[in-house]
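Trainee: The structure that follows is given in the form of structure tokens.
Numbering (the numbering used here), first residue to last: 179 to 725.
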């Protein structure tokens, strides 16, 4: 009699879901609607999903239609228009807007799964400050990571007060349970929302409004992002030269809240650590003020909303405050990275950068716009720190404003106008700017500067940018810019659309009109050509448009 061979029965779906590891890895990828529909298929699967702590560990309610509040207008005082919806005159406005979410959470609490939610995503929904306060203080919630980016009807003043209260020194032990909040950055855009935003954009005149130009611009943007990720070895935007990380600049009050929550609650933003935010390190090096502490240069705490990439300063490739290295620097110097982690609910997992080649993460350079004012190119994201590019404050004031400032600062009431500025040059002594004309820059040399060699001119003002088109007069000898091979650093605002740009970006996009001689931007002037501005390139008859 031969051996009896039993056919191996393949594992069922119930067997797979009963495995905690498999359920933990697959549940975050399933929408909430699919997970609830799966629980209705059989009683055994329902018990596995509702009783397992891994099924609802990550809960994303952003795509749930029942969680969206269809009324965006504020309620009237008497409740005349919304009497049918309110049903109760004692219902507050906050309770009304948070009603859809409260009904969902009441059902989750009824099935005893609310305690299992550790990561909660409420991006784009109607979330009130009172509802966030309940998740911070009440024991019925066990949320560790909370995402409320681009939410509606959120009173930021109330939320700041609640955050100050929950991080008070006399708070109970083990509170608050929320350890990380995504609030300032943009939420992850789905395919549907991206297409809707693209179609809703207004059409602009010119050749860039054609379909072929839009497709080419989109692919150029994708190529730029891929190249940026390859150079920085990571896809996390905070560690790349991403520029502005927030569509709306946060108020200074949020910087104080983040400072009060350091070590207790982490955010998707960090404080700027520039030297101007430290009273002991704040200084101005303008004219005769040689690194003397000055109250004008001090800045209040601010949120670092500009990602500068892993290279640091364009000249010294570092910064005075030193960059933040993950694993070595304090955890308060790192923001929560997007997207929200799926399988972990800890701040450590949300702050960990992931490199493409598996190497050590790059350093983090991030600053606020006030520290980068006059020293950051908004197009290519090059920047220079305070040691390499000194004195950008005088260039941003008019002569009358500078006179009034010096009169208020001088105790005797006399004016001390700074008529000269120091410009550092590598390998040679400093030169002094004596006069700046429209076509040439006159410099008085303290040393005999040879006509050849490579120099890095640091600390240039706005007129120094004209060195790219003009000549240089040294010791009564006129030198062309290419004779000295001068490397000009710093930024200037030549186009309101481009913002502050460096000399390299200006040479790429700014042109001089062959007819009128005025400068124009190739990208922002839609009707311009390669040789003429939009005004000179307009061939039709001009009429006065009153409206």
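For each residue, glycine too, the CB sits at the ideal point set by N, CA and C.
Is DSSP giving residue 298 helix, strand or coil here?
Mentor: Residue 298 falls in the strand class under three-state DSSP.
Trainee: Can the beta-carbon of residue 516 be found closer than 8 Å to that of residue 363?
Mentor: yes
Trainee: DSSP state of residue 274, grouped into three classes?
Mentor: helix
Trainee: Distance, Cα to Cα, residue 707 vs residue 540?
Mentor: The straight-line gap from Cα to Cα measures roughly 41 Å.
Trainee: Answer with yes or no whether the minimum CB distance from residue 354 to chain B is below 8 Å.
Mentor: Looking at the structure shown, chain B is missing, and only one protein chain is on hand.
Trainee: Leaving out the 5 sequence neighbours to the left and right, which residues in its chain are closer than 6 Å to residue 324 when beta-carbon positions are compared?
Mentor: 298, 356 and 359
Trainee: Would you list the residues sitting across from residue 236 in a DSSP beta bridge?
Mentor: 297
Trainee: Using 8 Å as the cut-off, can you tell me whether the stretch 497-509 makes contact with the stretch 448-455, which would need three or more C-beta pairs spanning the two stretches below that distance?
Mentor: Contact between the stretch 497-509 and the stretch 448-455 is established, with three or more Cβ pairs separated by less than 8 Å.
Trainee: Quick one: what does DSSP say residue 210 is sitting in, helix, strand or coil?
Mentor: Reduced to three states, the DSSP call for residue 210 is helix.
Trainee: Closest to residue 314 by C-alpha separation, out of 691, 346, 284 and 289, would be which residue?
Mentor: Nearest of 691, 346, 284 and 289 to residue 314, Cα basis: 346.
Trainee: Three-state secondary structure (DSSP) at residue 481?
Mentor: strand
Trainee: Quick check on DSSP: helix, strand or coil for residue 520?
Mentor: Judged by DSSP in its simplified three-state form, residue 520 adopts coil rather than helix or strand.
Trainee: Would you kindly check if the distance between the Cβ of residue 478 and the Cβ of residue 524 is under 8 Å?
Mentor: no
Trainee: Could you tell me whether the stretch 486-495 touches the stretch 551-569, where touching means 3 or more Cβ pairs closer than 8 Å?
Mentor: Taking a cut-off of 8 Å for Cβ pairs, the stretch 486-495 and the stretch 551-569 touch, as three or more such pairs fall below it.
Trainee: With respect to the alpha helix (DSSP H) encompassing residue 683, which residues constitute its N-terminal and C-terminal limits?
Mentor: Element bounds for residue 683: 681-687.
Trainee: Sorted by chain position, which residues of the same chain lie with C-beta nearer than 8 Å to residue 198's C-beta, five sequence neighbours on each side aside?
Mentor: 230 and 232
Trainee: Quick check: what's the CA-CA separation for residue 457 versus residue 549?
Mentor: 14 Å
Trainee: Can you look up residue 509 in the DSSP assignment and give me helix, strand or coil?
Mentor: helix
Trainee: Pull up the distance between the alpha-carbon of residue 646 and that of residue 677, whole angstroms please.
Mentor: With a pLDDT of only 34 at residue 646, under the threshold of 50, the placement of this residue in the model should not be trusted, and no figure is reported.
Trainee: Relative to the C-alpha of residue 695, which residue among 679, 193, 712 and 680 is closest?
Mentor: 712
Trainee: How many whole angstroms separate the CB atoms of residue 448 and residue 504, which I take to be in contact at a CB cut-off of 8 Å?
Mentor: 12 Å between Cβ atoms; not a contact.
Trainee: Since residue 337 and residue 295 are thought to touch, with beta carbons under 8 Å apart, how far apart are those beta carbons, to the nearest angstrom?
Mentor: Wrong, their Cβ atoms sit about 20 Å apart, outside the cutoff.
Trainee: Straight-line CA distance for residue 218 to residue 520?
Mentor: 24 Å
Trainee: In angstroms with no decimal places, state the Cα-to-Cα distance between residue 318 and residue 290.
Mentor: 10 Å
Trainee: Determine the direct distance from the alpha carbon of residue 350 to that of residue 310, and round the result to whole angstroms.
Mentor: Straight-line spacing of the CA atoms in residue 310 and residue 350 works out to 18 Å.
Trainee: Per DSSP, residue 502 is paired with what?
Mentor: Beta-bridge pairing links residue 502 to 542.
Trainee: Compute the Euclidean distance between the alpha carbons of residue 671 and residue 529, then round it to the nearest angstrom.
Mentor: 35 Å
Trainee: Per the DSSP calculation, residue 533 is bridged to which residue(s)?
Mentor: 412
Trainee: If you follow the beta strand (DSSP E) that residue 359 is part of, which residue opens it and which one closes it?
Mentor: 358-360
Trainee: Among 710, 412 and 551, which one has its Cα closest to the Cα of residue 487?
Mentor: 412
Trainee: May I ask you to list the residues that DSSP assigns as paired with residue 448?
Mentor: 482
Trainee: Short check: CB of residue 223 to CB of residue 192, under 8 Å?
Mentor: yes
Trainee: So for residue 218, helix, strand or coil by DSSP?
Mentor: In this structure, residue 218 counts as coil in the three-state DSSP scheme.
Trainee: Taking the alpha-carbon positions, what's the residue 685 to residue 206 distance?
Mentor: 49 Å
Trainee: Have a look at 427, 352, 302 and 542 and flag the residue whose alpha-carbon is nearest the alpha-carbon of residue 418.
Mentor: Looking from the CA of residue 418, the closest CA among 427, 352, 302 and 542 belongs to 542.
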